[in-house]
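In terms of my numbering, the sequence shown is numbered consecutively and its last residue is 297.
Positions of the beta carbon are idealized from the N, C-alpha and C atoms, including for glycine.
This structure is a prediction, so every number in the text was calculated from the model and none was measured.
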Amino acid sequence: MSKLLVKADKGHGHVAHVTPQSAGWTYVGFDLHRLKAGETASGKTGDREVCLVFVTGKGKASAGGKELGLLGERMSPFEGKPWSVYVPQGSDWSVTADTGLELAVCSAPGLGGDLPVRVIGPDDLGQEVRGKGTNTRYVTNILPEGKPADSLLVVEVITPGGHTSSYPPHKHDQDNLPAESYLEETYYHRLNPPQGFAFQRVYTDADRNGVRELDEAMAIEDGDVVLVPKGYHPCAACHGYDLYYLNVMAGPKRTWKFHNAAEHEWLMKA
28 MSKLLVKADK GHGHVAHVTP QSAGWTYVGF DLHRLKAGET ASGKTGDREV CLVFVTGKGK
88 ASAGGKELGL LGERMSPFEG KPWSVYVPQG SDWSVTADTG LELAVCSAPG LGGDLPVRVI
148 GPDDLGQEVR GKGTNTRYVT NILPEGKPAD SLLVVEVITP GGHTSSYPPH KHDQDNLPAE
208 SYLEETYYHR LNPPQGFAFQ RVYTDADRNG VRELDEAMAI EDGDVVLVPK GYHPCAACHG
268 YDLYYLNVMA GPKRTWKFHN AAEHEWLMKA
């Protein structure tokens, strides 16, 4: 199995855990809690900031000593928009499930910014359609660079069955602004219906001998997490199975500037 593919545990509890140390990088952390009604997930941010994303279900949340009430409404990631909570560094947080709840904990370094805890409701979220034809996908911006945070960028995407996404292939692994930014990235994948599968390839440019430093092609199943430390990272959803993914990105500068693969850039004009 690819070292870039993290299989979430089945059942309930703390089912996925990615740290900078386990991923072998510097910035992005990702955790997933799958809770039954009445169960609680909690944590302390320390020197990191966190975005709690209610992927599915409802729960009572608190953060930074504030009671935030009952959050969440959708019961499938393929319907509607999520509720989220931004939690700055130096804070604690807690979520107790009111229904079955899938809670993603997205984290990155805090930079000492004096940002408050805030609830990000569905009405706060912008949506856009990207691509054309069988490259069409639907994007919900949860924590884009135009909204306050120190390091985190968080977005979710729905790719219909038979479509491609994160395509034409692009990368963001060079700290070379304004042309390109360095951003580590995780993909948390869901499929509808859940017995389906999709594909993701993570690869770098070939050298003069045609050798790529990284070239991994993975079959993605419901609940999988993919690590993107560098390189291009397109996805393909198989016919009959829609693909959802939640992206977490962070790097030394909080901006998303990507570079398209030169040999495929003609697709942008087709």
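Exposure label - residue i; buried when at least 16 CB within 10 Å
| i | result |
| --- | --- |
| M295 | exposed |
| G65 | exposed |
| P115 | buried |
| S69 | exposed |
| G99 | buried |
| T282 | exposed |
| A120 | The sequence shown places Trp at residue 120, rather than the Ala named in the question. Buried: at least 16 other Cβ atoms inside 10 Å. |
| W52 | buried |
| A297 | exposed |
| S103 | exposed |
| R239 | exposed |
| K37 | exposed |
| A90 | buried |
| D58 | buried |
| S29 | exposed |
| P175 | exposed |
| R235 | exposed |
| P143 | exposed |
| A233 | exposed |
| G92 | exposed |
| W110 | buried |
| V156 | exposed |
| G278 | buried |
| A298 | For residue 298 there is no data in the structure shown, the boundaries of the chain being 28 and 297. |
| K63 | exposed |
| K257 | buried |
| K34 | exposed |
| K71 | exposed |
CB of residue i within 9 Å of CB of residue j, strictly
| i | j | result |
| --- | --- | --- |
| M276 | V55 | yes |
| H197 | Y271 | no |
| E129 | V184 | no |
| R228 | D242 | yes |
| D202 | L138 | no |
| P195 | N274 | no |
| I301 | C265 | A query on residue 301 cannot be resolved here, the shown segment of the chain reaching from 28 to 297 and no further. |
| H190 | N162 | yes |
| Y268 | P205 | no |
| D150 | G117 | no |
| L152 | E76 | no |
| T126 | T67 | no |
| V182 | R145 | no |
| G160 | S192 | no |
One or two residues paired with residue i in a DSSP bridge
| i | result |
| --- | --- |
| K198 | H286 |
| C262 | S192, Q227 |
| S118 | None, per the DSSP bridge assignment. |
| R164 | R157 |
| T83 | E129 |
| E172 | E172 pairs with nothing; no bridge assigned. |
| D251 | K34 |
| G70 | W120 |
| F57 | V45, C133 |
| N236 | Answer by DSSP bridge pairing: none, since N236 is not bridged. |
| E94 | S89 |
| S178 | Paired residues: none, contrary to the question. |
Residue i beta carbon near the ligand ZN (any heavy atom closer than 8 Å)
| i | result |
| --- | --- |
| D119 | Here there are no bound small molecules, and the ligand ZN is not part of this structure. |
Notebook entry, point to check: Is the stretch 250 to 263 close to the stretch 201 to 214, with three or more CB pairs under 8 Å?
Noted result: Short answer: they touch.
Checklist line | Any 3 or more C-beta pairs closer than 8 Å across the stretch 84 to 100 and the stretch 43 to 53 | finding: Contact between the stretch 84 to 100 and the stretch 43 to 53 is absent, with fewer than three C-beta pairs closer than 8 Å.
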